[in-house]
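Working notes, structure below.
2 protein chains.
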Amino acid sequence: MAAPARPTQPRRSDATRAAILRAARERFAADGYERATIRAIAADARIDPSMVMRYYGSKEGLFAAAAEFDLRLPDLTVVPSERLGETLVRHFLARWEGDETLVALLRAASTNPGAAERMRGIFTDQLASAVATSGTGETVTARRAGLVASQILGLAFTRYIVRLPPMVDVEPEELVSWIGPTLQRYLTGRPGN
Amino acid sequence: MAAPARPTQPRRSDATRAAILRAARERFAADGYERATIRAIAADARIDPSMVMRYYGSKEGLFAAAAEFDLRLPDLTVVPSERLGETLVRHFLARWEGDETLVALLRAASTNPGAAERMRGIFTDQLASAVATSGTGETVTARRAGLVASQILGLAFTRYIVRLPPMVDVEPEELVSWIGPTLQRYLTGRPGN
DNA sequence: GTCTATAATTCGATAGAC
DNA sequence: GTCTATCGAATTATAGAC
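Protein chains in written order, with this note's numbering: chain C, 497 to 689; chain H, 497 to 689.
As structure tokens, this is what we get:
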């Protein structure tokens, strides 16, 4: 009907939407889902709180948009099989320190059912499919991915959420040398030693 | 002054206090600190909300009382050194499944600074002192304890909070056989393989 | 597109009767 | 010791002016 001639022209509101998402990620990461208020997010983004509602419908809708996340796992089939563990730890550390979205999701997942569901999706779909190796059953693959998730999320929880001093102070490469072999065993080893 | 002759006589209010604490642990474990309301806790305990305030002063005070926790770590000096890992995993699993206080603390620690501080205290004081072995420096001991905490808390987070299916469905002894060796290496091994 | 004003809840906390 | 009543503050969400 009244479609504009240039559908790809950036709308003026895009900048506002982006500012809202950036502020939302910060607040959700710092305070969790319940304590992060739309008012505070709007104040950070220098806009009116009602704009948040207009653009994202509800607080849940805002969180869903702000917590969109891709682990960006590398193609593990081209990684030497004996270096899978250290590759994953290094990748996750970089991914975690460079994007606060994952911290926001982690904090919110503790109390918000929707965030927990999204967390399950990410670590079930993205991680499980990335570590799937031909020749092993689904149950075994899922279990290996679950164990990897437990150590990765435990690392993030102690380092970024609870901030246990020894886990905060340690150098990233030191973490790689300790946790890399753990993931390696979860991915390619057997239970027992 | 007017001290009663039998100071050890149980007061009638003790039963009420205990009921409040039990309900509080359930709610904090299920909903986290912010979503658990004093009104809901009082309803579960079949008492008036104002009683909670009277007995515990504030919501923070109630949480502090409800989240009192002891890991009850066994004496690790009598455990054969090569079985430290599996012993710890088995102990933590039993401790976690048998007492929802730890789940309440874990959920609350994600968003409540006081709960996070308590979590740090538990895993710094109780765990670090339990794994302290003579002859190694403080920094190394603290790092080993931190790594153990990261895997234990990651196990709890994925199994009891996020409820990742492969971590929920797996048998406890299967977890012991996978995670036990991890803790063993964190406690007595070296970085690298 | 942006903002003011406010509706409708809900919460923690307090005062005080019995 | 227990309960009723309520305060004051904060929240999400909506209606509508400009």
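Don't be surprised by glycine CBs; every beta carbon is placed ideally from N, CA and C. Here the structure is a predicted model, which means the values were calculated and not measured.
Looking at the secondary structure, which residues open and close the alpha helix (DSSP H) in which L679(H) lies?
P668 to T684
Who are the neighbours of V666(C) on chain H, taking C-beta pairs under 8 Å?
R639 and G642
If we cut at 8 Å on Cβ distances, does F653(C) have a partner in chain H?
yes
Here's the rule I'm using: 16 or more other beta-carbon atoms within 10 Å means buried, otherwise exposed. How should T678(C) be labelled?
buried
Under 8 Å between C-beta atoms, does G610(H) make it to chain C?
no
Counting only beta-carbon separations shorter than 8 Å, does G528(C) have a partner in chain H?
yes
Does any C-beta atom of chain C lie closer than 8 Å to the C-beta of E670(H)?
For E670(H), the answer is yes, since a Cβ of chain C falls inside 8 Å of its Cβ.
Just how far apart, CA to CA, sit E669(C) and L598(C)?
20 Å
Smallest Cα separation from T635(H): which of D595(C), D665(C), L580(C) and D540(C)?
The shortest C-alpha separation from T635(H) is found at D665(C).
Tell me which residue opens and which closes the alpha helix (DSSP H) that Y656(C) is part of.
No alpha helix (DSSP H) contains Y656(C), which DSSP labels as neither H nor E.
Who are the neighbours of V619(H) on chain C, taking C-beta pairs under 7 Å?
Residue identity differs from the one stated: residue 619(H) is Phe in this sequence, not Val. Going along chain C in sequence order, the residues near F619(H) (Cβ under 7 Å) are L660.
Can you name the start and end residues of the alpha helix (DSSP H) that D527(H) belongs to?
S509 to R531
Apart from the five residues just before and just after Y682(H), which ones in its own chain have a Cβ nearer than 6 Å to its Cβ?
R640, L643 and V644
Would you decide whether V672(C) is buried or exposed? Buried here means 16 or more other CB atoms lie within 10 Å of its CB.
V672(C) is buried by the Cβ-count criterion.
Mind checking the region 525-551 of chain C against chain H and listing, in chain order, the residues whose C-beta falls within less than 9 Å of any C-beta there?
D527, G528, Y529, E530 and R531
Under 8 Å between C-beta atoms, does S678(C) make it to chain H?
The sequence as given places Thr at residue 678(C); Ser does not occur at that position. Look at T678(C): its C-beta is under 8 Å from a C-beta on chain H.
If we count Cβ pairs, one from each stretch, closer than 8 Å, do we get three or more for the region 526-540 of chain H versus the region 599-613 of chain C?
yes
With L602(H) as the anchor, note down where its alpha helix (DSSP H) starts and where it stops.
Per DSSP, L602(H) belongs to the alpha helix (DSSP H) from T597 to A605.
On the criterion of 16 or more Cβ atoms from any shown chain inside 10 Å, does R686(H) qualify as buried, or is it exposed?
exposed
Report the residue from A519(H), T637(H), R513(H) and A539(H) whose alpha carbon sits nearest the alpha carbon of Y552(H).
R513(H)
Just checking my contact of L601(C) with A590(C) at CB under 8 Å: how many whole Å lie between their CB atoms?
Wrong, their Cβ atoms sit about 17 Å apart, outside the cutoff.
Determine the closest residue to I675(H) out of G650(H), R659(H) and L660(H), with distance taken between C-alpha atoms.
G650(H)
Would you mind telling me which residues of chain C sit closer than 7 Å to L576(H), beta carbon to beta carbon, in chain order?
In the sequence on display, residue 576(H) carries Pro and not Leu. Ordered by position in chain C, no residue passes the 7 Å Cβ test against P576(H), which lies about 14 Å from the chain.
At least one CB of chain H closer than 8 Å to the CB of A605(C): is that the case?
yes
Since M569(C) and Q622(C) should fall inside the 8 Å C-beta cutoff, what is the C-beta to C-beta distance between them, to a whole number of angstroms?
Contrary to the premise, residue 569(C) reads as Leu rather than Met in this sequence. That pair is a contact at about 6 Å.
Excluding the 5 residues flanking A498(C) on each side, which residues of the same chain have their C-beta closer than 8 Å to its C-beta?
Residue placement at A498(C) cannot be trusted, given a pLDDT of 47 that sits under 50; what the coordinates show is reported in the next sentence. None.
Can the beta-carbon of R616(C) be found closer than 8 Å to that of A563(C)?
In terms of Cβ geometry, R616(C) and A563(C) do not form a close pair [threshold 8 Å].
Here's the rule: buried if 16 or more other CB atoms are within 10 angstroms of the residue's CB, otherwise exposed. What is R542(H)?
That one is exposed.
Which word fits V574(C), buried or exposed, when buried means at least 16 other C-beta atoms lie within 10 angstroms of its C-beta?
exposed
Straight-line CA distance for A624(C) to L572(H)?
Taken atom to atom, the span from the alpha-carbon of A624(C) to that of L572(H) is near 36 Å.
Quick check on this structure: which residue in G633(C), I618(C) and Y656(C) has the alpha carbon closest to the alpha carbon of L567(C)?
Of G633(C), I618(C) and Y656(C), the residue nearest in Cα terms is I618(C).
Check the C-beta distance from R523(H) over to D540(H) and give it rounded, since I have them as a contact under 8 Å.
7 Å
For the putative contact between F588(H) and I648(H), defined by C-beta atoms under 8 Å, what is the C-beta separation to the nearest angstrom?
5 Å
Within the continuous alpha helix (DSSP H) that includes E613(C), where are the two ends?
P609 to G617
Under the rule that 16 or more other beta-carbon atoms within 10 Å means buried, what is R655(H), buried or exposed?
buried
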